[in-house]
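In this note's numbering, the protein residues as written are 4 to 338.
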Amino acid sequence: MKILAIESSCDDTGAAIIDDGHIKSNVIASQSVHEQYGGVVPEMASRAHMQNIVPVVAVALNQAQMAIEEIEAIAFTQAPGLIGSLLVGAGFAKAIAQARNLPLIAVHHMQAHVMAHFIDEPKPNFPFLCLTVSGGHTQLVLCKSHLDMTLIGETIDDAAGEAFDKTAKMLGLPYPGGPLVDKLAAEGNPLQYSFPISSLPDYQFTFSGLKTSVLYFLQKGKKENPNFIAENLKDICASVQYTIIESLIRKLKKAAKELGVQHIGIAGGVSANSGLRQAVKNLGEQNGWQVFIPDFQYCTDNAAMIAITAHYKQLAGEYAELGTIPTARATWSHE
Ligand code: KG4
Ligand code: ZN
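Put into structure tokens, the structure is as follows:
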């Protein structure tokens with residue numbers, strides 16, 4: 004079956020086409036308008052989605068060398084996300100579904116991040132444990148099959164991506180700061196400064212304490228030396244990145260050991276981080292676990308992950324009603 008998938012949960016407009024489980028195209032239009040505000044402005048995001056969605060779908064069809072008449076089902080991101088952004092994608096998907104009398108498939112964005120592992124070879128076996136780290140989420144998910152996923156732990160406050168972005172903001176770096184912190188950290192000393200690593204029980208994460216600790220640390224440094232940040236930027240980035248990665252890796256290790264899982268992976272925008280990728284590879288080597296990291300283009304928000312999830316939902320006969328409404332809710336559900 005040929006499925007057109009739409010992703011519009013935050014500030015990236017994506018369209019992808021999948022044919023019997025094989026991705027034929029994956030197009031993304033990112034919105035630079037938010038940079039000047041230091042974060043995503045929801046109203047501007049929905050307006051930009053409206054401008055981008057038609058050309059993005061046209062390019063996706065073109066790259067797949069397919070006509071819209073060949074598409075047999077339409078998938079869209081139902082939740083979670085910014086409600087205005089979700090509505091644009093859902094409205095577009097439903098309009099095509101209704102006009103062409105095609106079935107609809109509603110996809111949960113966080114389930115799709117995990118499913119990014121099932122686009123290319125090698126694919127994980129089940130049970131599979133995935134750490135999903137993005138700008139809005141930090142979750143540990145245990146997968147028993149493609150559609151049977153259980154959220155076993157998540158952050159109680161900030162997401163890992165937020166910890167990167169907020170650190171970058173305090174350092175005067177542009178939004179989104181995660182990739183820049185990553186780049187600067189590569190040349191810094193991760194053990195130069197020490198920040199608290201969370202010790203919450205079970206598989207819970209917290210990053211708000213780190214944010215406060217970095218704030219006070221920078222205030223103190225600047226008081227003693229007005230050029231403190233500029234002179235120590237690389238070491239500060241490396242030390243904060245090390246702390247975030249340690250917090251993540253400790254919980255991933257604990258969960259994999261306690262649940263006896265041999266196949267582990269990372270997903271979401273922060274899985275593009277070079278330090279985290281290396282740390283997960285090391286963890287796998289030390290414990291004899293097989294590690295899975297999706298291709299870079301499938302780590303950050305994209306429609307290919309919506310398409311692969313839709314492929315498995317279609318195989319299971321899980322279609323949505325035309326009346327299905329998108330929801331901003333962050334709670335874990337893939338129904
Ligand atoms: O999954 P994603 O594209 O969107 C959400 O669903 O949130 O993730 C975006 C997040 C942002 O916080 C961004 O700073 C972070 O992923 N990110 C990174 C890197 N690349 C993206 N964080 C650290 N290092 C990176 N290389
Ligand atoms: Zn995402």
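The beta carbon of each residue, even a glycine, is placed where N, CA and C say it ideally should be. Remember, predicted model here, so these are calculated numbers, not experimental data.
Assigned exposure category for residue i - 16 Cβ within 10 Å defines buried
i: Glu-10; result: buried
i: Asn-276; result: buried
i: Phe-299; result: exposed
i: Phe-210; result: buried
i: His-25; result: exposed
i: Asn-228; result: exposed
i: Thr-141; result: buried
i: Thr-153; result: exposed
i: Ile-29; result: Note that residue 29 is Asn in the sequence shown, not Ile. With 16 or more Cβ atoms within 10 Å of its Cβ, Asn-29 is classed as buried.
i: Ile-6; result: buried
i: Lys-226; result: exposed
i: Lys-214; result: buried
i: Lys-223; result: exposed
i: Asp-23; result: exposed
i: Val-57; result: exposed
i: Lys-27; result: buried
Span of the beta strand (DSSP E) around residue i
i: Lys-27; result: 25–33
i: Ile-267; result: 266–270
i: Leu-408; result: This structure cannot speak to residue 408, because the chain is shown only from 4 to 338.
i: Val-91; result: Not the beta strand (DSSP E): Val-91 falls in the alpha helix (DSSP H), residues 86–103.
i: Phe-295; result: 293–295
Beta-carbon separation (whole angstroms), residue i vs residue j, contact threshold 8 Å
i: Val-59; j: Ala-102; result: At roughly 18 Å, the Cβ-Cβ gap does not stay under 8 Å, so Val-59 and Ala-102 are not in contact.
i: Tyr-315; j: Leu-150; result: 6 Å
i: Ala-8; j: Ala-310; result: 4 Å
i: Ala-306; j: Gly-17; result: 3 Å
i: Leu-132; j: Ile-269; result: About 10 Å; that fails the 8 Å criterion.
i: Thr-312; j: Met-118; result: 4 Å
i: Pro-329; j: Gln-34; result: Pro-329 to Gln-34, Cβ: 18 Å. No contact.
Where residue i falls: helix, strand or coil (DSSP)
i: Glu-10; result: strand
i: Cys-240; result: helix
i: Glu-46; result: helix
i: His-111; result: strand
i: Lys-284; result: helix
i: Thr-153; result: strand
i: Ile-122; result: coil
i: Thr-158; result: strand
i: Lys-147; result: coil
i: Ala-331; result: coil
i: Gln-207; result: coil
i: Ala-19; result: strand
i: Ile-323; result: Before going on, a small fix: residue 323 reads as Ala here, not Ile. If DSSP states are grouped into helix, strand and coil, Ala-323 belongs with the strands.
i: Gln-142; result: strand
i: His-37; result: helix
Span of the alpha helix (DSSP H), counted from its first residue to its last, around residue i
i: Val-217; result: 211–227
i: Asp-185; result: 181–188
i: Gln-81; result: Unbroken run through Gln-81 is the beta strand (DSSP E), 76–82; no alpha helix (DSSP H).
i: Glu-72; result: Segment: none, Glu-72 is in no alpha helix (DSSP H) and carries neither H nor E.
i: His-314; result: 307–318
i: Thr-170; result: 163–173
Heavy atom of ligand 3 within 7 Å of residue i beta-carbon
i: His-120; result: No copy of ligand 3 occurs in the structure displayed; its ligands are ligand 1 and ligand 2 alone.
Residues surrounding ligand 1 [beta-carbon distance to nearest heavy atom under 5 Å]: Cβ atoms closer than 5 Å to ligand 1 belong to Ser-137, Gly-138, Gly-139, Gly-164, Phe-167, Asp-168, Pro-179, Gly-181, Pro-182, Asp-185, Gly-271, Gly-272, Val-273, Ala-275, Asn-276, Thr-303 and Asp-304.
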